[in-house]
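Below is one structure, written out as structure tokens, with a few remarks after it.
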Amino acid sequence: MNYWTDGEPIADQAAPDGPIETRWERRQFGAKLVNPANRRKLTVIVVGTGLAGGSAAATLAEAGYKVRSYCYQDSPRRAHSIAAQGGINAAKNYRNDGDSVYRLFYDTVKGGDFRARESNVYRLAQVSVNIIDQCVAQGVPFAREYGGLLDNRSFGGTQVSRTFYARGQTGQQLLLGAYQALERQIALGNVEMHARHEMLELVVVDGKARGIVVRDLVTGAISTEFADAVVLASGGYGNVFFLSTNAKGCNVTASWRAHRKGALFANPCYTQIHPTCIPESGTHQSKLTLMSESLRNDGRVWVPVRAGDDRVPAEIPEAERDYYLERIYPSFGNLVPRDIASRAAKNVCDEGRGVGPGGLGVYLDFADAIARLGRDAVEAKYGNLFEMYERITGDDPYVTPMRIYPAVHYTMGGLWVDYDLQSTIPGLFVVGEANFSDHGANRLGASALMQGLADGYFVLPNTINDYLAAGPFPAVSAGDAEVVAARTAVEERLSKLLSIDGDRTVDSFHRELGHIMWEYCGMERTEEGLTKAISLIRSLREEFWTRVKVPGTGETLNQNLERAGRVADFFELAELMCVDALHRAESCGGHFRAESQTPDGEALRHDEFSYVAAWQFTGTGEPPVLRKEALDFEYVHPSQRSYK
């Protein structure tokens, strides 16, 4: 069966060449500027109010553009960025332990298993040092040492301490910084804020992104909003797996609607499995809870040496414990990257040495840290995380080791963008987790917050000028044929969902889809499993459109209707993810193909796949077109990753 067709290659035309150290500076200088008087004539729509969207909207408004901001939450500060726990990376080298911009660049390219663009990653490392200064100036309460200096801790995949943090609530504190910057611009009248509005379609006129179709989630009213440019900052798509660490509302709809209109979708199968999540407790569960990777600084990961050992941890002596990360990867130990730690946990559980219900868990033990540092010191660093764990599980982690297991967390794939963060649709810019980002096949911990704020505060405000300098663009009206078609498509789609009146709930379909994805396109994949998954997804999607039941109407608050639209898009995305995983016959990052492994069971990367897979939509159920962007490595040369 022909699952895809090959198309013309694609190249990043915006990326400068020459010395990597000066590329960003030269791109900034070479970009066209918009004078302050003309900025007031230009309107930008920003979809999403997380770290990337909130910082972008605030910064663009402060620069003088008219900004219209949209989010489906009841407040911008409820964006999922608020859930990030462990920290944010920056190459400040405050610990004087050998860190530098180049080392952060190197670690990120290597950590992504050599599937990221060097230019983008180096820029991210450069901008990282500015982010901390920006956030401190906003009043973000980063942890400090006794003398008042900003503190750092280590995260997986690095051998230096470069992660700035605010206990276990770094995302919340950073988001509040961006939120107050955004609220200031709202109060000044520079940002028009629309909460409880969901983007359901992208408006493309004469080949350019000119607006969005949104639904008021309270009244059900559908409206078309126009602008000179559109910025998508709508987050990732991890909820395609149903169970993930994402908030229940996180979805792919904004990105998928743009993809259907011509924006290429890059590396969709690149999803991150986080190694330190609270294990699933039963079929009643609708999401999973993340425990910060920062816990691996002081917690030691282990399982019993003997399979089937069901004694409580206190009864298992040291000699009968396997601290397997320290044993297998002595150089990095418990701080190996997330993909390495996740696969190792799966392997020991597959051997029958997992702990807890179903044997799907490993211990994260703080006994040594408490003995070495004292309980008060451990509580000062991780107290709120320990409290959260105890509230959820009923176990006291100061006394009993935590139980953790890998779960879907972040998505490295997303809409393809060039160096300017512009998609293949002119005027559509994509920032944060919604783009295919700078992380390759695996994101190092504490890099998501760095990328979101880098894009929003520093990169997009410089690059979008180059596009807007040609504006204002011709006026668009509700009567234009392309606008009418976009709105009509939304109305017909909602009517179709409401009219099916079947006998299955939306969540039942979503849960079944998630099971297929985790089983066949999760931590381990095979050609046979992926082809089976595609068949199962297609069959389930057909059933969805004939049996789903969406009660209520579209003229009021209807959360069943919201979820139905999002799950419908997840079906199409899920198939593309499996096709992407099928074509990439290599083990790369956290994406383990059983057919591609080293003699000792490690991931075996094949560098004929050293490209970005950018997919072009051709129609529901039709084979997508694969367009490849070659990846060139001038500075960090690909090698077999080793953390041993």
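In this note's numbering, the protein residues as written are 4 to 647. Idealized CB from N, CA, C, for every residue including glycine. None of these values were measured; they are calculated from a predicted model.
Helix, strand or coil for residue i? Go by DSSP, reduced to three states.
i    : result
D510 : helix
H594 : strand
Q141 : helix
I215 : strand
C253 : coil
F573 : helix
G623 : The sequence given here places Thr at residue 623; Gly does not occur at that position. Coil at T623, not helix or strand.
H200 : strand
T466 : helix
L92  : A quick correction: the sequence has Asn, not Leu, at residue 92. Note: N92 maps to strand in three-state DSSP.
H609 : coil
F461 : helix
T25  : helix
C280 : strand
I225 : strand
P79  : helix
V351 : helix
V306 : strand
H586 : helix
P39  : helix
W296 : Checking the displayed sequence, the identity of residue 296 turns out to be Glu instead of Trp. Three-state result, E296: helix.
P316 : helix
P477 : coil
Q162 : coil
Terminal residues of the continuous alpha helix (DSSP H) containing residue i?
i    : result
I537 : E530 to R550
L107 : V104 to G114
M453 : A451 to L456
A63  : In the sequence as presented, Ala is not what sits at residue 63; that position holds Leu. Segment L54 to A66, the alpha helix (DSSP H) holding L63.
Give a yes or no on whether the C-beta atoms belonging to residue i and residue j are separated by under 8 Å.
i    : j    : result
G90  : L388 : no
P282 : L363 : yes
G443 : G592 : yes
E495 : V208 : no
I134 : K95  : no
P340 : G160 : yes
A55  : G455 : yes
G115 : Q619 : no
C658 : L543 : Not covered by the structure: residue 658. The range shown for the chain is 4 to 647.
V163 : R98  : yes
I467 : G214 : no
L579 : V234 : no
A64  : N465 : no
Determine, for residue i, whether the minimum Cβ-Cβ distance to residues of chain D falls below 8 Å.
i    : result
Q172 : The structure shown has no chain D; it contains just one protein chain.
Assuming residue i contacts residue j under a Cβ cut-off of 8 Å, what Cβ separation, rounded to an integer in Å, is found between them?
i    : j    : result
A17  : D423 : 4 Å
Y408 : A348 : 6 Å
E418 : A437 : A small fix is needed here, since residue 418 is Leu in this sequence, not Glu. Sure, about 6 Å apart at Cβ, within 8 Å.
L205 : A261 : 5 Å
S613 : F117 : 7 Å
L501 : W259 : Contact flag wrong, Cβ pair sits at about 20 Å.
R43  : E195 : Not really, about 14 Å apart at Cβ, beyond 8 Å.
P475 : L36  : Contact doesn't hold; Cβ gap of about 16 Å is too wide.
Assuming residue i is part of the beta strand (DSSP E), what are its boundary residues?
i    : result
D379 : Taken as a continuous stretch (DSSP letters only), D379 belongs to no beta strand (DSSP E), being part of the alpha helix (DSSP H) at R378 to T396.
S237 : Unbroken run through S237: none, as it is neither H nor E.
I13  : Neither: I13 is in no beta strand (DSSP E) and is coded neither H nor E.
Y366 : V365 to D368
T403 : T403 -> no beta strand (DSSP E), and no H or E assigned at all.
E632 : V628 to A633
Y73  : K69 to Y73
A491 : With the sequence shown as reference, residue 491 is identified as Thr, and Ala is not the correct amino acid for it. Per DSSP, T491 belongs to no beta strand (DSSP E); it is in the alpha helix (DSSP H), A484 to S502.
T652 : In the structure displayed, the chain extends from 4 to 647; residue 652 sits before or after that span and is not available.
T248 : Careful: T248 lies outside any beta strand (DSSP E) and carries neither H nor E.
L431 : L431 to V433
T46  : T46 to V50
### Task
May I ask you to verify whether the segment 328 to 343 touches the segment 383 to 401, counting CB pairs closer than 8 Å and requiring at least 3?
no
### Query
Are the segment 101 to 110 and the segment 122 to 132 touching by the rule of at least three beta carbon pairs closer than 8 Å?
Yes, the segment 101 to 110 touches the segment 122 to 132.
### Message
Does the structure place the segment 181 to 192 close enough to the segment 310 to 326 that three or more beta carbon pairs sit under 8 Å?
### Response
no
### Query
Is the segment 451 to 465 touching the segment 242 to 260, taking contact as three or more C-beta pairs under 8 Å?
no
### Query
Is the number of C-beta pairs between the segment 60 to 79 and the segment 186 to 200 that are closer than 8 Å three or more?
The segment 60 to 79, when compared against the segment 186 to 200, does touch it at the 8 Å Cβ threshold.
### Query
Below 8 Å, can you find three or more Cβ-Cβ pairs linking the segment 551 to 564 to the segment 524 to 539?
no
### Query
How about the segment 288 to 302 and the segment 595 to 605: do they share at least three Cβ pairs that are nearer than 8 Å?
no
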